[in-house]
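All remarks here apply to the structure that follows.
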Amino acid sequence: MRKMEAQLIPFCEILVWCLMPNHFHLIISTNESSCKPRNSFGTGSVQELSYRIGIMLSSYAQAVNKQHGTSGSLFQLKTKAKILTGSKNAKDKDYLVNAMHYCHQNPLRAGLVKKIEDWPYSSFPGYCGIKEDDITNKQLLLDLTGYSLDTFYSDSYGRMEGFELEE
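Sequential numbering of the sequence shown, starting at 0, is according to numbering that gives the first Met the number 0.
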């Protein structure tokens with residue numbers, strides 16, 4: 000969490016997050032500084048946000064490997080990114096809301112908890128008002144989608160079937 004806050008918050012708004020044992024989900028909104036080019040480790044120029052995500056993953060892997068006396072990558076797959084919304088049309092807004100629920104449902108779908116709210120490593124408790132979440136910009140997600148938190152909890156369970164993130 001500290002690494003996400005330090006590396007990402009200056010360059011984007013975190014709308015949704017869920018940390019899993021072998022992967023993670025972030026829904027973010029970029030800003031002008033996240034898209035600026037910067038020099039990277041011998042690979043030429045990359046966007047600032049991509050660089051920061053790389054630093055976050057690398058420093059996390061190094062810390063965990065040091066703690067466990069291991070080496071190498073921690074996550075199963077390479078980091079993937081997809082654009083969830085590119086316009087203001089209703090389909091994009093629905094997709095973004097469904098993606099939010101999908102991310103939060105991951106621990107339940109994986110059998111790690113019996114209820115979504117039992118997983119402490121996501122923005123779900125913050126959206127529910129169960130606990131404070133200082134890194135999530137809930138208001139921006141609501142503004143982008145027109146979604147109301149009045150139905151958030153029931154929607155979180157009601158939208159369980161049929162939605163998968165598009166490749």
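Here a beta-carbon is modelled for each residue, glycine too, at the ideal position from N, C-alpha and C. Since the structure is predicted, the reported quantities are computational estimates derived from the model, not experimental observations.
Relative to the alpha-carbon of residue i, which residue among the options has its alpha-carbon at the smallest distance?
i, options, result
"K137", "Y101, C127, L14 and S155", "L14"
"L107", "R158, M0 and S70", "R158"
"L111", "P20, R1 and L7", "P20"
"D142", "K2, S153 and V96", "V96"
"P124", "L140, G43, W16 and S33", "W16"
"E47", "A60, S28, F10 and G128", "F10"
"H103", "K92, D117 and D93", "D117"
"L18", "N38, G68, S155 and I115", "I115"
"T135", "N105, Y156, M99 and Q61", "M99"
"M55", "G43, G68, S44 and S72", "S72"
"T29", "R37, E12, P36 and D132", "E12"
"T144", "T69, Y94, P119 and E4", "Y94"
"S155", "D132, C127 and E131", "C127"
Which class does residue i belong to by DSSP, given the choice of helix, strand or coil?
i, result
"T150", "helix"
"H103", "helix"
"L111", "coil"
"S72", "coil"
"L14", "strand"
"S121", "strand"
"E166", "Residue confidence for E166 is low, a pLDDT of 48 falling below 50, so the modelled location carries little weight and cannot support an answer."
What are the boundary residues of the alpha helix (DSSP H) that includes residue i?
i, result
"N64", "E47 to H67"
"R1", "R1 to L7"
"T144", "K137 to T144"
I need the boundaries of the beta strand (DSSP E) containing residue i, first residue and last residue.
i, result
"S36", "The question names Ser, but residue 36 is Pro in the sequence shown. It spans P36 to N38 - the beta strand (DSSP E) in which P36 sits, taken as one unbroken run."
"T29", "F23 to T29"
Can you tell me whether residue i is buried or exposed? The criterion is at least 16 other CB atoms within 10 Å of its CB, across all chains shown.
i, result
"I52", "buried"
"I129", "exposed"
"D149", "exposed"
"S121", "buried"
"L7", "buried"
Is the beta carbon of residue i within less than 7 Å of some heavy atom of the ligand SAM?
i, result
"A98", "Of ligands this structure carries none, so the ligand SAM is not represented either."
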